[in-house]
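Participant: Please read through the structure below; I'll follow up with questions.
In UniProt numbering, the protein residues as written are 1 to 103.
Structure (structure tokens):
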């Protein structure tokens, strides 16, 4: 069984993107992305069934779960979720992912 989940926050111009992390912090990181109208809690029951030697990080897209909503008047578009992932993976506060180890 995995230890308790760790909650993460990644700063963005309109607030933050939330995430949940499980597993071995030194293990191979696996970025978990939820579906439409969902959030990182989707992985609460799945992650314990996965290999224990990985570090699982479930990102919550803008406006989902505990992530900040986009500013008023800004429409949500699917391409913006790609931008969310890019911000987390390439951001200065990212200590988890790099181009060589993301899966």
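Each residue gets a CB set at the ideal place from its N, CA and C atoms; glycine is no exception. These numbers were taken from a predicted model, which means no experiment stands behind them.
1. Spatial neighbours of residue 80 within its chain, please: CB distance less than 7 Å, with the 5 preceding and 5 following residues excluded, ordered by chain position.
2. Drop a sphere of 10 angstroms on the beta-carbon of residue 173, count the other beta-carbons inside from all chains shown, and report buried for 16 or more, exposed for fewer.
3. With burial defined as no fewer than 16 other Cβ atoms inside 10 Å of the residue's Cβ, what is the status of residue 78: buried or exposed?
4. On the three-state DSSP scale, how would you describe residue 12?
5. Pull up the DSSP beta-bridge partners for residue 71, would you.
6. So, under 8 Å CB-CB, residue 18 and residue 5 are touching, yes? Tell me the CB distance rounded to an integer number of Å.
7. Apply the 10 Å Cβ neighbour rule to residue 27 and answer buried if 16 or more other Cβ atoms are within range, or exposed otherwise.
8. Mind checking who residue 7 pairs with in its DSSP beta bridge?
9. Could you tell me whether the Cβ of residue 44 comes closer than 7 Å to any Cβ of chain B?
10. So the candidates are 44, 76, 46, 53; which of them puts its Cα closest to the Cα of residue 64?
11. Can you give, in chain order, each stretch of the beta strand (DSSP E) that sits fully within the UniProt domain "AB hydrolase-1" (29 to 89) and has at least 3 residues?
Facilitator: The relevant details are as follows:
1. Hits under 7 Å: 62.
2. Residue 173 cannot be examined here, being either before or after the span of the chain that is shown, 1 to 103.
3. So residue 78 ends up on the exposed side.
4. In the structure shown, residue 12 sits in a strand (DSSP, three-state: E or B).
5. Paired residue(s): none; residue 71 is not in a bridge.
6. Wrong, their Cβ atoms sit about 12 Å apart, outside the cutoff.
7. Exposed, because fewer than 16 other Cβ atoms sit within 10 Å of the Cβ of residue 27.
8. Beta-bridge pairing links residue 7 to 20.
9. Absence of chain B from the displayed structure is noted, only one protein chain being present.
10. Of the listed residues, the one whose Cα sits closest to residue 64 is 76.
11. Counting whole runs of 3 or more residues, the UniProt domain "AB hydrolase-1" (29 to 89) contains the beta strand (DSSP E) stretches 54 to 59.
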